[in-house]
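For the protein sequence lines, the chains are X and H, in the order given. Numbering follows my numbering, in which position 157 of the first sequence is assigned residue number 599; successive positions increment by one, without gaps. Numbering follows my numbering, in which position 204 of the second sequence is assigned residue number 210; successive positions increment by one, without gaps.
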Amino acid sequence: MDAGGGGVNEFGEAISFLLDPASWEGTNGLWDQLTQQVLLTLTALVVVLVVGLPLGLWLGHRGRGGTFAINVSNIGRAIPVFAVLGLLSLGPLGTDTLGPYGRAGLATLVALILFGLPPVITNAYVGVREVDPEIVEAARGTGMSEWQVFRSVELPLASRLVANGVRLAVVQLWATATIAALVAGPGLGNTITYGFSNGDYQYVIGGAILVAVGALVLEGLAALAERRVDPMRRVRGSRHDGLVQTPQFDAPSTDTAATRS
Amino acid sequence: MSLAAGVLPHAVVAADPPCYSRAVNAWVCPEYVTRYAPELWDATVQHILLTVASVVLGFVLAVALALVARRRARLRSVLLGSTTLVYTIPSLAMFSLLAQATGLSATTVVIGLALYSLSILVRNVLAGLDGVPDEVVEAATGLGYGRVRLLLRIEAPLALPVVMAGLRVATVSTVALVTLGTIVAYGGLGNMLANGLDDSFKAQVLTTSVLCVVLAVVLDLLIVAFTRLVTPWTRGAAV
């Protein structure tokens, strides 16, 4: 019961910690850590998109490699992010500092990419694969080239699931970047771990709030982007509220790519 | 880490240092597994208990919530939206915030992981129930099945394959997530993983990592086996 009362009090302290400009300044201040975490997330996202999207879309178009795409996400889910971060940071990648990415930056970046790829590859694959084969056949019948079939038929019809995979990846990347602090890596997780190891809970709560708000902001931005690329949004018009109609709820079997960390 | 400092004094004293000693610090080390078997066993047991408690709590909550919301469109979208939102919050932040209420305890980890599993389980329980054909429900109602008996004897068995598929996903990801419970000192194998990282103890880091994956695979296979046992009519089809 005492813990509850203390928690409320520390919550207030955490807010004043976040509002204090001094907390944000200096080396490894909140601003430093936030920059590292955002940079890590965005860099990894670019790599994940450049590698994962073409691979997943191509596998989907060819209609082969499904086992590969599904297995990538199944295996990804069973492997703890923490373990991969640990193995990479103790291995050859761990000693580097990577400029603005901070200590253990390279190990963290590689771990992020590894965990961001599965949802993108799987959703891109499933998205293209689930396009009605009769529509694709009809498109071929009108004399479209393979590229035209992909570009004008498969890609627009798959775009919702593909965008959904990217959204899952963004959330995953942000969460993974938070955990980097457990292996002496960069990012906002450092404020949390610092608080725990010093029994100073305003840091724990303050850091946790920042991380959670950051995740929600990213999720919101990704959801907005997801809606923009949806070619059907004009058709559905005002009934489209974005939450209920995303395909993950319609088709639970296809949304198995997400990992939480 | 400087290798020379470790090798010089020890190599002279111990002619053949074990592979888990600081001087050798090998990644793969069977001697480590033998030497630390009791600790590894305890950590694995804690890991399993935390996983099972989280998934069972999440499952009970998910079934209850899904049953309440299944025929109410508004509530349904609120439920799906909010579980997705919870899922968005990184676990490190989740455990940190929950720890303010429940302290450095196993409860913190179990509540956090149960909340995460909701996003998968609620969705699959709803999808499983939605998948029951209307004709079947009508036929059963016509035969005089009451609501409870309809649910238990007709809808639940038919929804089971989809529900179990969700349970597999939830269990496997929970096994991986338990490791992060180490932030509140209840992380099962994650505790040993964290200690190993602090000491740059490679054999410990690799062994506990591999054990986590093995545990996930074993639990997954157990659920598959159980599902096949209780749904003999689906045999031959992919579960």
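Using N, Cα and C, we set each Cβ at its ideal position, and we do this for glycine too.
Nearest to residue i (by Cα), restricted to the options the options
| i | options | result |
| --- | --- | --- |
| Arg-669 of chain X | X:Leu-603, X:Gly-656 and X:Ala-622 | X:Leu-603 |
| Ala-218 of chain H | H:Leu-46, H:Val-34 and H:Cys-25 | Before going further, note that residue 218 of chain H is Cys rather than Ala in the sequence given. Ranking the options by Cα distance to Cys-218 of chain H, first place goes to H:Leu-46. |
| Thr-564 of chain X | X:Arg-582, X:Glu-596, X:Gly-498 and X:Val-613 | X:Gly-498 |
| Gly-547 of chain X | X:Gly-607, X:Ala-456 and X:Gln-479 | X:Gln-479 |
| Trp-616 of chain X | X:Gly-662, X:Gln-475, X:Leu-482 and X:Trp-473 | X:Leu-482 |
| Val-131 of chain H | H:Val-211, H:Ala-120, H:Leu-173 and H:Arg-241 | H:Leu-173 |
| Phe-459 of chain X | X:Pro-673, X:Leu-652 and X:Ala-657 | X:Leu-652 |
Pair within 9 Å by beta-carbon distance, residue i and residue j
| i | j | result |
| --- | --- | --- |
| Ile-621 of chain X | Phe-510 of chain X | no |
| Leu-164 of chain H | Gly-137 of chain H | yes |
| Ser-60 of chain H | Val-116 of chain H | yes |
| Leu-203 of chain H | Leu-73 of chain H | no |
| Ile-95 of chain H | Ser-179 of chain H | no |
| Ala-566 of chain X | Leu-501 of chain X | yes |
| Arg-76 of chain H | Leu-135 of chain H | yes |
| Thr-633 of chain X | Gly-648 of chain X | yes |
| Val-142 of chain H | Ala-68 of chain H | no |
| Val-612 of chain X | Val-591 of chain X | no |
| Tyr-122 of chain H | Gly-64 of chain H | yes |
Span separating the alpha-carbon of residue i from that of residue j
| i | j | result |
| --- | --- | --- |
| Met-100 of chain H | Val-190 of chain H | 11 Å |
| Val-224 of chain H | Ala-133 of chain H | 26 Å |
| Leu-630 of chain X | Leu-183 of chain H | 19 Å |
| Val-51 of chain H | Met-198 of chain H | 13 Å |
| Thr-214 of chain H | Ala-171 of chain H | 27 Å |
| Arg-82 of chain H | Thr-90 of chain H | 12 Å |
| Leu-610 of chain X | Pro-561 of chain X | 6 Å |
| Ala-520 of chain X | Val-181 of chain H | 7 Å |
| Thr-618 of chain X | Pro-139 of chain H | 41 Å |
| Val-175 of chain H | Ser-515 of chain X | 11 Å |
| Val-489 of chain X | Leu-554 of chain X | 10 Å |
| Ala-549 of chain X | Leu-540 of chain X | 9 Å |
| Asp-226 of chain H | Thr-469 of chain X | 45 Å |
| Ala-581 of chain X | Asp-474 of chain X | 52 Å |
| Glu-467 of chain X | Tyr-645 of chain X | 15 Å |
| Met-586 of chain X | Gln-614 of chain X | 38 Å |
Span of the alpha helix (DSSP H) around residue i
| i | result |
| --- | --- |
| Arg-82 of chain H | 79-94 |
| Met-170 of chain H | 162-184 |
| Phe-638 of chain X | 631-640 |
| Met-309 of chain H | Residue 309 of chain H falls outside the range modelled here, since chain H spans only 7 to 245, and no answer is possible. |
| Arg-41 of chain H | 36-41 |
| Cys-218 of chain H | 208-236 |
| Pro-403 of chain X | Since the first residue of chain X shown is 443 and the last is 703, residue 403 of chain X is not available in this structure. |
| Thr-469 of chain X | Here Thr-469 of chain X belongs to no alpha helix (DSSP H), and DSSP marks it neither H nor E. |
| Ala-120 of chain H | 112-136 |
| Asn-606 of chain X | 597-621 |
| Tyr-26 of chain H | Segment: none, Tyr-26 of chain H is in no alpha helix (DSSP H) and carries neither H nor E. |
| Gly-569 of chain X | 547-571 |
| Asp-140 of chain H | 140-148 |
| Pro-628 of chain X | Premise fails: Pro-628 of chain X is in no alpha helix (DSSP H) and is neither H nor E. |
Chain A residues whose Cβ lies nearer than 7 Å to that of residue i
| i | result |
| --- | --- |
| Thr-485 of chain X | Of the protein chains in the structure, X and H, none is chain A. |
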